[in-house]
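Visitor: Our numbering puts the first residue of the sequence shown at -10, with every later residue one more than the last.
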Amino acid sequence: MGIILWIVFGALVGWIASLIMKTDAEQGAIMNIVVGIVGAVVGGWIMSIFGESGVTGFNISSFVVALLGAVVLIFIVKALRRA
């Protein structure tokens, strides 16, 4: 994927993950992009543990994988902030 598509993909995934995890008010646009992109990497890593493919482009399965990773990432960050 090109850099612009990664930014759009990350923004969309990060925004939806922040809505799911109820952190939307705490995150801005840049943070949504970062969470989405890092979430795609985390989701790809999680899927590779199970022997499946991770993020392969701008499609529904990649979106779900990235969303899974972003939700896990936000969960971990929220847990660390409470500690």
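Glycine included, each C-beta is placed from N, C-alpha and C at the ideal position. It should be emphasised that the depicted structure is a prediction, and the values quoted were computed from it without experimental measurement.
I'd like to know if the segment 46 to 65 and the segment 19 to 30 are in contact, where contact means that at least 3 CB-CB pairs between them fall below 8 Å.
Guide: As far as the Cβ criterion goes, the segment 46 to 65 touches the segment 19 to 30, which means the pair count is three or higher.
Visitor: From Thr12 to Ala68, what does the alpha carbon distance come to, in whole angstroms?
Guide: Position 23 of the sequence shown holds residue 12. Position 79 of the sequence shown holds residue 68. Thr12 and Ala68: Cα-Cα distance of roughly 13 Å.
Visitor: Grouping DSSP H, G and I as helix and E and B as strand, with all else coil, what is Ala14?
Guide: For the purposes of this step, residue 14 is taken as the residue at position 25 of the sequence shown. DSSP places Ala14 in coil when its eight states are reduced to three.
Visitor: How about Met10 and Phe64: are their beta carbons less than 8 Å apart?
Guide: Residue mapping note: residue 10 aligns to position 21 of the sequence shown, counting from 1. Residue mapping note: residue 64 aligns to position 75 of the sequence shown, counting from 1. Their beta carbons are under 8 Å apart, which means Met10 touches Phe64 by this criterion.
Visitor: Do you know how far the Cα of Phe39 is from the Cα of Arg70?
Guide: In the sequence shown, counting from the first residue as 1, residue 70 sits at position 81. In the sequence shown, counting from the first residue as 1, residue 39 sits at position 50. Using only the alpha carbons, I get a separation of about 29 Å.
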